[in-house]
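In what follows, a single structure is set out as C-alpha cells and then discussed.
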Ligand code: ADP
Ligand code: ASP
Ligand code: MG
C-alpha cells in the first residue's frame, strides 16, 4: 500500500458539495488501504476576496498582517474536509501549516519552505488518520504566519510528499492533466501523458499557472513522483512529470506553449555605450528588489544605444520612477519609455535541442498574422517572444496549430 499526498485546488473545494466529493475520493483511496495526506487550497475566489478586503483598509497591505489574514482561507477548507471525512466514518485531523510546523523564511507573501516536521503527521498516519493540511502557508522561526505566494498550495503538497517520501504526489485540479497549452484559450489543446521535469519547469516559469513553479522545483530536487489529475469525474491517468526523456517514444519537437500577461517593457533611449552602463541601469533596479526578466541591448549608434528590459507588471510604475529619478540624470540617456500592454508567448520542448528552424518557423507564423515581435529570448528548450497584449491569444492559437499541437503525436 502506498503513501499518497493529494492536493485539491480552489475549484475542487469551491463549495461544501465539492468538499464532500473530495472526501469521497479520499475515502476511496483510504479504504483501499493507502495512507493519505491531503492538502487543500482555499475555496475558489476566497484568497482574492481576502486580499481585496485588506486593500479597502491599506492600499499596500502590511505583508505580515496580510499573511495572517489570507491564510484563513485554507484554515476553513481543512476543517470542512476533515468534517466531511468524519461524516464518512473516516478518522481525520486537520492542521494549519504552523501546527504541522512547516517552517519557512520570513519573506511574507512569498515565503520559502525551509523544513517540515513530519513527526506529527507520521504519528497520525500510524494511528489510522487521514491528515488534512492547509496549503499555501507556514510559520517562520519567530512563529509569524507566512504564505508561499499565489498558487502555493501546490508547493505545500510537493514539499510534504518530499518530506514524507510519499510514493506519489497527486495534484487534483479542474483540468485532467497538463495540456499543450491552456485549454481555456485553445479548446483544441491536448492532454500530455507525460511532460519532462525540465519542460514543466519552463512552462511554469513562463506563465502556465497550472503548477506553481516552486512545486516543480521541489519535485525536481527531491525526485517526487508528481501527477496532475482532475478532481471531477473518474480518475484518469492525468499527466505524469518525468525525469528522463522517454527514448522509446518519438519526441515531439514542441511540447507546449506558455503565455504570460504579467510583464511590462521599459526602454532607455540613447544610453551612452560604454562599459558599466548596463550595471548603472540595472543595479538600482536590483537594489529595489525588482526582478528583471528579458534584456535587450541594441547595436551602438553614434556612441549611444537603446536598452530594453521587462519587469513584472506590478513593478512597472515603481521601476519607471527609479529610472527617471535615479538613473537617467546620472547616465545622461535621452529618455525612458515603457508600456505594460505586452504579453510573452513561449514555445517549450526538449525536442528543440535536436531540431533546427523552430525559431524561424515561429517568426514566420507570427508574421503571416501581422503580429509584430518586440523582443525575443531563447534557451536550449524554449523560445519566447514579446508581442502586443491584444495579439496574445491569436499568437498562441496560430502557433498551436502551426506546430501541430492539436494533432495526436
Ligand atoms: P487550482 O485551483 O486547482 O490550483 P489553477 O487554476 O491554479 O487550479 O490551475 C488550473 C488551471 O490552469 C486550468 O484551469 C487551466 O486553465 C490553467 N492552465 C494553464 N496552462 C495550462 C496547461 N498547459 N495545461 C493545463 N491547464 C493549464
Ligand atoms: N489559495 C491560494 C491562492 O489562491 C493558494 C492556492 O490556491 O494554491 O493563491
Ligand atoms: Mg493553482
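Residue numbers (our numbering): 8 to 416.
From the three backbone atoms N, C-alpha and C, an ideal C-beta is built for every residue, glycine too.
These numbers come from a predicted model, not from an experiment.
Comparing the CB of residue 222 with every heavy atom of ligand 5, is any distance shorter than 7 Å?
With respect to small molecules bound, the structure shown includes ligand 1, ligand 2 and ligand 3 and not ligand 5.
Taking the C-alpha atoms as reference points, what is the distance between residue 406 and residue 385?
16 Å
Measuring CB to CB, does residue 47 end up less than 8 Å from residue 118?
no
Could one say the Cβ of residue 137 lies closer than 8 Å to chain C's Cβ atoms, at least one of them?
Of the protein chains in this structure there is only one, and it is not chain C.
Would the segment 280-299 and the segment 237-247 be scored as touching if the rule is three or more Cβ pairs under 8 Å?
no
Inter-residue Cα distance where the pair is residue 355 and residue 395
20 Å
On the CB-based measure, 16 or more other CB atoms within 10 Å of its CB, does residue 214 come out buried or exposed?
buried
In whole angstroms, what is the alpha-carbon distance linking residue 374 and residue 67?
41 Å
Is it true that the segment 319-329 meets the segment 174-193, where meeting means three or more beta-carbon pairs spaced less than 8 Å apart?
no
With a Cβ-Cβ cutoff of 8 Å, do residue 231 and residue 165 count as a contact?
yes
Which one of 111, 198 and 11 has the shortest CA to CA distance from residue 45?
11
Cut-off 6 Å between Cβ atoms - residues of its own chain near residue 412, not counting five sequence neighbours on either side:
187
Reference residue 201, options 36, 262 and 370, closest by Cα:
262
Taking the alpha-carbon positions, what's the residue 313 to residue 283 distance?
14 Å
In chain order, what residues of the same chain have a beta carbon less than 7 Å from the beta carbon of residue 127, not counting five sequence neighbours either side?
107
Is residue 56 near ligand 2, going by C-beta to nearest heavy atom under 7 Å?
no
When every heavy atom of ligand 2 is checked, does at least one fall within less than 7 Å of the C-beta of residue 143?
yes
Assign residue 282 to one of three DSSP states: helix, strand, or coil.
coil
So residue 287 packs on residue 338, CB below 8 Å; how close in whole Å?
5 Å
Cβ contact check for the segment 21-35 and the segment 146-156: 3 or more pairs under 8 Å:
no
By Cβ distance, which residues of its chain are closer than 6 Å to residue 4, with the 5 residues on each side in sequence left out?
No answer is possible for residue 4: the residues shown for the chain start at 8 and end at 416.
At 3 residues or longer, what runs of the beta strand (DSSP E) sit wholly inside the segment 324-359?
342-346 and 349-355
What do you reckon, are the CB atoms on residue 225 and residue 169 nearer than 8 Å?
yes
Can you give, in chain order, each stretch of the alpha helix (DSSP H) that sits fully within the segment 154-222 and has at least 4 residues?
160-170 and 204-212
Could you please give the first and the last residue of the uninterrupted alpha helix (DSSP H) stretch that includes residue 36?
23-38
Tell me the rounded alpha-carbon separation between residue 267 and residue 207.
15 Å
From residue 86 to residue 52, what does the alpha carbon distance come to, in whole angstroms?
18 Å
On the criterion of 16 or more Cβ atoms from any shown chain inside 10 Å, does residue 307 qualify as buried, or is it exposed?
exposed
Who are the Cβ neighbours of residue 358 in its own chain at under 8 Å, not counting the five residues just before and after it?
258, 259, 260, 261 and 262
Measuring alpha carbon to alpha carbon, tell me which residue in 332, 158 and 130 is nearest residue 55.
158
Note down, in chain order, each residue of its chain lying with its Cβ closer than 8 Å to the Cβ of residue 129, except the 5 sequence neighbours on either side.
171
Assuming residue 388 and residue 366 form a contact by the criterion Cβ under 8 Å, report the distance between their Cβ atoms to the nearest whole angstrom.
12 Å between Cβ atoms; not a contact.
The beta strand (DSSP E) enclosing residue 263, as first and last residue numbers
263-267
Roughly how many whole angstroms lie between the Cα atoms of residue 346 and residue 382?
13 Å
Taking 7 Å as the line, does the beta carbon of residue 216 fall inside it for any heavy atom of ligand 3?
yes
Neighbourhood of residue 280 by C-beta distance below 7 Å, restricted to the same chain and skipping five residues each side:
307, 310, 311 and 312
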